[in-house]
Amino acid sequence: MSELEELRARRAKQLMASQQDEYQRQLQKKQVDEQIKSIINQIMTAEARQRLTNLRIARPDYARQIEVLLIQLAQSNRLPSKLDDEAFKNILSKLSSRNKKKINIIK
0 MSELEELRAR RAKQLMASQQ DEYQRQLQKK QVDEQIKSII NQIMTAEARQ RLTNLRIARP
60 DYARQIEVLL IQLAQSNRLP SKLDDEAFKN ILSKLSSRNK KKINIIK
């Protein structure tokens, strides 16, 4: 086998390994997303889930943070049995008021 053929074979192996790794990452991400979706369906009403979906469309990263927070609250039993839309709006407003930067203008 010539040196060029060896390089090609090695490169082909690397590409296949990288594709397999990417496939595994995507599969794992999909499983995590399904688990999150399942838990969210259990702890939120349909209206609250719709609000979360709207939030996910506008700000996907923020929506993911909210999902993780809600799951943590549910696992520590600090949420009501089902989180309705009003309670979800209250949580969002508390989080947004906490995250707003205060600007003071001094003359």
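When you number the sequence shown by numbering that gives the first Met the number 0, it's gap-free, plus one each residue, and the end is 106. C-beta: ideal position from N, C-alpha, C; glycine also. Note that this is a predicted model, so its numbers are computed, not measured.
**Message:** Between the alpha carbons of SER95 and ARG55, how many angstroms are there, rounded?
**Reply:** Cα to Cα, SER95 sits roughly 15 Å from ARG55.
**Asked** For the candidate residues PHE87, ARG9, MET15, whose alpha-carbon lies nearest to that of ALA47?
**Response** It is PHE87 whose Cα lies nearest to the Cα of ALA47.
**Message:** With a threshold of 8 Å between beta-carbons, can LEU69 be considered close to chain D, or not?
**Reply:** Among the chains of the structure shown, chain D does not appear; only one protein chain is present.
**Prompt:** At which residues does the alpha helix (DSSP H) containing ASP60 begin and terminate?
**Reply:** DSSP places ASP60 in the uninterrupted alpha helix (DSSP H) bounded by 59 to 74.
**Under the three-state DSSP convention, the category MET0 falls into** = Coil, per DSSP.
**Prompt:** Which residues in the same chain as ILE105 place their Cβ atom closer than 7 Å to its Cβ, once the five residues preceding and following it in sequence are excluded?
**Reply:** For ILE105, there are no CB contacts under 7 Å within the same chain when 5 residues up- and downstream are skipped.
**Asked** What do you reckon, are the CB atoms on MET43 and LYS12 nearer than 8 Å?
**Response** Contact: no.
**Prompt:** Roughly how far, in whole angstroms, is the beta-carbon of ASP84 from the beta-carbon of ARG50, given that I think they are within contact range, below 8 Å?
**Reply:** About 6 Å separates the beta carbons of ASP84 and ARG50, which is inside the 8 Å limit, making them a contact pair.
**Asked** Cβ of GLU39 within 8 Å of Cβ of GLU66?
**Response** It should be noted that the sequence gives Ile, not Glu, for residue 39. Yes. Within cutoff.
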